[in-house]
Amino acid sequence: MKIGLITSYDYSHPGGVVNHVSCLAHYLQIMGHDVKIIAPVRKKGTRYFDEYVKAIGRPLPIPYGGTTARIPLSPWLFYQVKRALDREKFDIVHLHEPFIPMLCLSALTQSHAINVGTFHACHERSGLYWISQPVIQKLGRKLQGKIVVSQPALNYISRYLPGDYRVIPNAVDTNLYTPEGPVISELRDGKLNILFVGRLEERKGVSDLIHACAILKKDFPGFRLIIAGPGIQRRYQYELLARRLIPGQFLFTGFVPFEKMLAYYRTADIFCAPATGGESFGIVLLEAMASGTPVVATDIPGYSSVVTNGQDGLLAKSGDRRSLAAALLSLIQDKSLRLKMVENGLQTAQNYSWQNVSRQIADYYQFLVK
Numbered sequence: 128m129k130i131g132l133i134t135s136y137d138y139s140h141p142g143g144v145v146n147h148v149s150c151l152a153h154y155l156q157i158m159g160h161d162v163k164i165i166a167p168v169r170k171k172g173t174r175y176f177d178e179y180v181k182a183i184g185r186p187l188p189i190p191y192g193g194t195t196a197r198i199p200l201s202p203w204l205f206y207q208v209k210r211a212l213d214r215e216k217f218d219i220v221h222l223h224e225p226f227i228p229m230l231c232l233s234a235l236t237q238s239h240a241i242n243v244g245t246f247h248a249c250h251e252r253s254g255l256y257w258i259s260q261p262v263i264q265k266l267g268r269k270l271q272g273k274i275v276v277s278q279p280a281l282n283y284i285s286r287y288l289p290g291d292y293r294v295i296p297n298a299v300d301t302n303l304y305t306p307e308g309p310v311i312s313e314l315r316d317g318k319l320n321i322l323f324v325g326r327l328e329e330r331k332g333v334s335d336l337i338h339a340c341a342i343l344k345k346d347f348p349g350f351r352l353i354i355a356g357p358g359i360q361r362r363y364q365y366e367l368l369a370r371r372l373i374p375g376q377f378l379f380t381g382f383v384p385f386e387k388m389l390a391y392y393r394t395a396d397i398f399c400a401p402a403t404g405g406e407s408f409g410i411v412l413l414e415a416m417a418s419g420t421p422v423v424a425t426d427i428p429g430y431s432s433v434v435t436n437g438q439d440g441l442l443a444k445s446g447d448r449r450s451l452a453a454a455l456l457s458l459i460q461d462k463s464l465r466l467k468m469v470e471n472g473l474q475t476a477q478n479y480s481w482q483n484v485s486r487q488i489a490d491y492y493q494f495l496v497k
């Protein structure tokens with residue numbers, strides 16, 4: 128089949144949806160499908176720029192849902208997308224977040240292929256979706272297939288667009304995220320490394336994690352907190368907090384290139400995801416598990432749909448710094464528990480491998496074609 132994967136998000140900027148689209152394209156190509164990606168691209172030369180990407184539009188940073196969405200808003204997108212669709216003549220047009228302006232919306236309104244939408248997001252509510260609900264429901268009738276990445280994502284989108292959905296999860300590339308491989312040697316200095324990966328946004332819970340580490344310090348001072356991810360606006364604020372609460376026991380890396388991020392995952396002794404909400408799926412949890420690193424996360428729906436508490440990770444109460452510190456301490460003090468989490472986590476990651484998930488998506492395409 129000829130498949131078009133379309134996203135409104137900047138393809139040159141690393142993020143959950145962009146990573147998903149890139150990996151899905153790769154594995155669909157391996158299956159023998161003819162795949163093209165249509166996406167805005169701010170700059171070429173990154174890992175995410177593949178030879179089968181058609182760049183349309185220049186993305187702009189727009190605050191949305193507690194994060195920053197880098198999307199194009201040019202009035203010329205409608206005509207650029209039309210030319211691309213007319214030229215490619217896709218059998219399947221797969222839109223990732225189909226109602227995000229303007230690229231996906233332009234494609235959905237003009238596509239004559241079988242249209243599939245994947246809904247990745249999960250928020251408590253959306254004022255924009257609520258206001259535009261009649262338009263969303265009208266456009267939703269153009270989607271012959273609808274995918275959500277988790278039950279929390281389904282609970283969110285079905286408020287505004289009821290209907291039949293197929294739950295197909297996000298995935299991790301277990302050929303890349305592995306326990307074996309390069310590490311950050313200078314961080315293997317006898318200290319226990321606690322790793323956070325993500326953008327420095329309030330909903331990611333970085334402040335809670337720093338406070339939890341200050342509590343942990345009373346019982347176990349021999350750790351280092353590594354905070355890996357972009358976010359210039361809040362970095363200064365979090366660094367000041369860390370200097371006050373855990374001086375000399377933290378490292379802010381800023382943006383980390385993909386290959387080095389793999390090494391950070393392997394270097395970590397514990398991975399911690401303290402988000403307070405807004406997560407539909409814990410892809411960073413799977414990346415840590417696949418790398419052989421035990422996981423502590425908060426009990427928000429997007430994480431508890433991935434982690435089985437006490438089996439392949441520990442879940443702490445969201446927003447409760449003492450609960451987070453206690454979970455970290457229990458893993459530090461119990462080596463057998465850490466080993467159990469590593470072993471079970473590796474199996475969980477295999478269940479969510481791209482080999483398995485891409486096959487589920489391809490099978491869904493076949494179902495819709497028939």
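For the sequence shown, this note's numbering begins at 128 and goes up steadily by one.
C-beta atoms are modelled at their ideal positions from N, C-alpha and C, and glycine is treated no differently.
Remember, it's a predicted structure, so these values are computed and weren't measured experimentally.
Anyone know if the C-beta pair for residue i and residue j falls short of 8 Å?
i	j	result
L458	L441	yes
C399	A298	no
F377	I354	yes
T301	A476	yes
F323	V333	yes
L221	I295	Here residue 221 is His; the residue named in the question, Leu, does not match the sequence. Cβ distance not < 8 Å, so H221 and I295 don't count as in contact.
P202	P186	no
I274	Y479	no
Y304	Y391	no
M229	L204	yes
A454	M158	no
A443	I427	no
P225	L155	no
P133	H223	Checking the displayed sequence, the identity of residue 133 turns out to be Ile instead of Pro. Yes, these two residues count as a Cβ contact at 8 Å.
G429	S277	yes
In angstroms with no decimal places, state the Cα-to-Cα distance between residue i and residue j.
i	j	result
C499	L352	The structure shown has nothing for residue 499, since the chain only spans 128 to 497.
V148	K345	44 Å
R370	R362	12 Å
A248	F347	37 Å
S431	D439	11 Å
R210	A234	10 Å
R174	L389	Per-residue confidence for R174 stands at a pLDDT of 49, beneath the threshold of 50, marking its modelled position as unreliable; no derived number is given.
S135	N146	13 Å
I227	L336	31 Å
K216	E313	52 Å
A417	E307	10 Å
Y138	S463	41 Å
S485	L367	43 Å
R330	E406	9 Å
E386	G142	15 Å
F408	G317	33 Å
I258	L451	37 Å
L412	H338	21 Å
L343	L456	7 Å
W481	V433	15 Å
Y191	G272	26 Å
L232	G290	19 Å
P188	E328	14 Å
Q460	Y292	43 Å
R315	Q237	54 Å
K170	G437	43 Å
From the options, pick the residue whose C-alpha is nearest to that of residue i; which is it?
i	options	result
P374	D316, A166, F350, F205	F350
P279	E251, D300, D291	E251
G358	G325, I342, L343, L368	G325
R465	V276, P167, I284, L319	L319
L255	I284, L230, A240, H239	I284
F379	I321, R197, D291	I321
A395	Y365, V208, K269, E414	E414
R197	A402, Q271, P167	P167
L495	N282, L288, G244, D213	G244
H160	Q260, T195, I219	I219
In the DSSP assignment, find the alpha helix (DSSP H) that holds residue i and state where it starts and stops.
i	result
Y191	Looking at the DSSP string, Y191 is not in any alpha helix (DSSP H); the run it does join, the beta strand (DSSP E), is 187-191.
A454	448-460
I311	Unbroken run through I311: none, as it is neither H nor E.
K331	Neither: K331 is in no alpha helix (DSSP H) and is coded neither H nor E.
V411	410-417
A182	Segment 180-182 is the beta strand (DSSP E) holding A182; no alpha helix (DSSP H) there.
Which stretch, first to last residue, makes up the beta strand (DSSP E) that contains residue i?
i	result
D161	161-166
I227	Note, I227: premise wrong, no beta strand (DSSP E); not H, not E.
A196	194-198
V383	No beta strand (DSSP E) holds V383; DSSP gives it neither H nor E.
N320	319-324
R286	Neither: R286 is in no beta strand (DSSP E) and is coded neither H nor E.
R351	350-355
H221	219-223
L151	No beta strand (DSSP E) holds L151; the alpha helix (DSSP H) holding it covers 143-157.
Chain B beta carbons: is any one of them nearer than 8 Å to that of residue i?
i	result
C249	The displayed structure is made up of one protein chain only, and chain B is not part of it.
When the Cβ atoms of the region 445-457 are set against those of the region 178-192, are three or more pairs found closer than 8 Å? Contact fails: fewer than three Cβ-Cβ distances are below 8 Å.
Is the region 469-487 touching the region 420-435 in the sense that three or more CB pairs, one from each, lie closer than 8 Å? Contact between the region 420-435 and the region 469-487 is present, because at least three Cβ pairs lie under 8 Å.
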